[in-house]
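As structure tokens, the structure follows; a few thoughts come after it.
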Amino acid sequence: MSERTMPAVRDVIRVDEGSVSSQSALITAVIAIAALLVVGVSTGYTIFAVGGLIVGALFAVTIATVGAAGVLLPFVGGIGVLAVGAAAVGLPGYAVLSGASIGAWVAVAGSCVGFGLARFRVAAFGDGAVARAIGWLLRVGTVAGIYGLILFALLFDLSSLFEVTALGGLSELVIPTTDTGRILGFVVVSWLAVGGVWIVSVVLPPASVLPESKRSVYVAIVSRSVSTTGAVLGVGSILVALVVIISAETGLATGTVNETLGLVMDAAALRTSFVRVFLTAVVLSGVIILARSIGMDTLFGRVWWSVSAIVCATGLFVVTIVSAPTVAGAVVGAEHERVALIETIVSLIGAGTAGMALWVLALFSASAGLLVFPLLSETRLVPPATAGPRFVVFGLVVGVVSSVSAGVSSLVVLSVAVASVLVWDIGSFGVGVTADLGASPSHTGGEVVHAGASLVVGTLALAVTAIISWLLEDVTASADGTIVAVILAVGAAIVLSAVLRG
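All the letters of the sequence shown, read from the start, carry residue numbers 171 to 672 under the working numbering.
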């Protein structure tokens, strides 16, 4: 991006409520990252701690970017939400599958710390940021679902439909077994295609939604499409049927007619295509009716609907069409208990349709997962004003639990616990400074003094608890020592908070 673009991006994703002043943010970040690294090193899962930290920070930035105006930034942010969100789930998932359950918790701790630190400056929580990200994902999922329905209509195995007793007679339209089915069925499927085009033309938005200069062209295109289809397919099929009937009854040019028009009439692929045109038209008509009932302003508003969502869904569609056969072949070729089910689904609806269905499921699942953020905000468990420090503290608390579970020394547990209190105290103080003086005040002496006092008191609290732990015969964070370490950490946190706030 250009030098002019970067400041604009920063302005777009900058948080309005809950920003931590620059000096306090820097000190808090140093303490939090140091504590997280202590957890990672002591438990032996440093890579998960660092990976989670990076993933959490990127997740916050991508969520904030989705709400930007235009096409490019929401597109980049939305793709980032999908990719980073997958990494946020995949990192602890990989740890669990590898038998490193503690590593999974360390990754979660890192993600929370990274997300919280990024929230010091980025509008990733509150301000409607998550709601915009959810809206974007739902729109992409909806468009992908529409593509999937169209693909379903184009690739659905019609023979399976004819196996249904109530619809068995329809097979005569596609694969005729009598002379009547051969001739009449061709005319019927041709007019089905004409009817599909006509249905779409009926449900299209009226010309009044367009600028006056384009209305006449719009009406002409719609009208000409219906009339041309009716003339070519509708009237043409009747003429072909008449020629075939006359030739068969009179014996005139029977060989020539059967080798030309007869081949056209008997082509199962052509008949199937006409049926698919009708099914696709029905799907499109339903989508158009739904879109008109929702309203164009809601669909294409700058906030709730973006061209970027359509671009993203189209990209997913293209990638799926290209890669689905290869992926489906690899999955079916693998040895697992679901092979028969997967093979049946692929043969019935096509690999591309199955792939689009998986994308829709993933997009809607991601949207549902993001609902936890608005829930935390609405219940005031994580108010937007202090969201950043709270997420960091929560991550460090998870780090404390991970350290205890790993059986590391009490000193490590206590150090991370005290660090979480320091992070909360300095971070929340920075929020107050921003509210009063702005994110970058000209005088930072007060922040430095406050942070220094917090560090001194925290160090003293840690020293006292370490001495107590030593007096208790070097208790470690296992068995009964776990209880002692937690009690000491909680006591230190309470004393420290009282001193700092008193």
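Note that CB positions come from ideal geometry on N, CA and C, so glycine has one too.
From a predicted model like this one, the values you see are computed outputs, not experimental measurements.
Going by the beta-carbon positions, is the gap between residue i and residue j smaller than 8 angstroms?
i	j	result
V313	T442	no
G311	L528	no
A451	G315	no
F229	A258	yes
W368	V396	yes
G558	V300	no
L287	A199	yes
R446	L319	no
A279	V568	yes
M526	T490	yes
T213	A576	yes
V276	V231	no
S194	V603	yes
A256	L540	no
I233	V246	no
A418	T426	no
A524	V516	yes
With a threshold of 8 angstroms between beta carbons, is residue i in contact with chain B?
i	result
L354	Note that chain B does not occur in the displayed structure, where there is just one protein chain.
Closest by CA to residue i, which one among the options?
i	options	result
G584	S573, V593 and I203	Inspection of the sequence shows that residue 584 is occupied by Leu rather than by Gly. Considering only alpha carbons, the answer is S573.
G296	L546, S579 and V578	L546
R394	E419, G222 and V364	V364
V619	I197, V570 and G255	I197
F448	V359, L551 and V571	V359
V582	V200, G210 and Q193	G210
T496	V578, A589, I515 and G522	G522
V457	V568, T424 and L374	L374
A390	E429, G404, S371 and L242	S371
G520	A498, R352, V568 and S537	A498
G221	F285, I515, L267 and G247	F285
A145	V571, T629 and V626	With the chain running from 171 to 672 in the structure shown, residue 145 is simply not present.
F599	Y388, F290, L433 and S535	F290
F487	L321, R309 and V427	L321
T348	D436, K384 and V626	D436
R309	T629, G622 and A536	A536
P553	A294, S281 and L433	A294
R560	E429, V392, S386 and S281	S281
Three-state secondary structure (DSSP) at residue i?
i	result
V392	helix
S212	helix
S579	strand
V190	coil
V372	helix
L531	helix
V161	No information on residue 161 is available, as it lies outside the stretch 171 to 672 that the chain covers here.
P495	helix
I459	helix
P544	helix
L422	coil
I345	coil
L566	helix
G406	helix
A439	helix
V645	The predicted model places V645 with a pLDDT of 49, which falls under 50 and marks its position as unreliable, so this point remains unresolved.
L228	helix
L380	coil
T430	coil
G520	coil
Can you find the residues in the same chain that come closer than 6 angstroms, C-beta to C-beta, to residue i, ignoring five residues on each side of it along the sequence?
i	result
T549	none
P346	R352 and G355
A538	none
T399	V364 and V367
By Cβ distance, which residues of its chain are closer than 8 angstroms to residue i, with the 5 residues on each side in sequence left out?
i	result
V357	S407, I408 and A411
T216	L207 and G210
F444	V359, S360, L362, A363 and L403
L242	S478
G493	Here residue 493 is Ser; the residue named in the question, Gly, does not match the sequence. Taken in chain order, the residues that qualify are G525.
Once the 5 residues before and after residue i are set aside, which same chain residues still bring their CB inside 7 angstroms of it?
i	result
V283	A202, L206, L223, G226, V562, G565 and L566
I249	C482
L431	V410, V413 and V414
V530	G311, A314, G315 and G318
A438	V344 and I345
V453	L319, I320 and A323
P262	A274, A277 and V278
Checklist line | Length at least 4, wholly inside the stretch 244-326: the alpha helix (DSSP H) runs in chain order | finding: Look at the stretch 244-326 and you find these whole runs of alpha helix (DSSP H), each 4 residues long or longer: 271-289 and 299-325.
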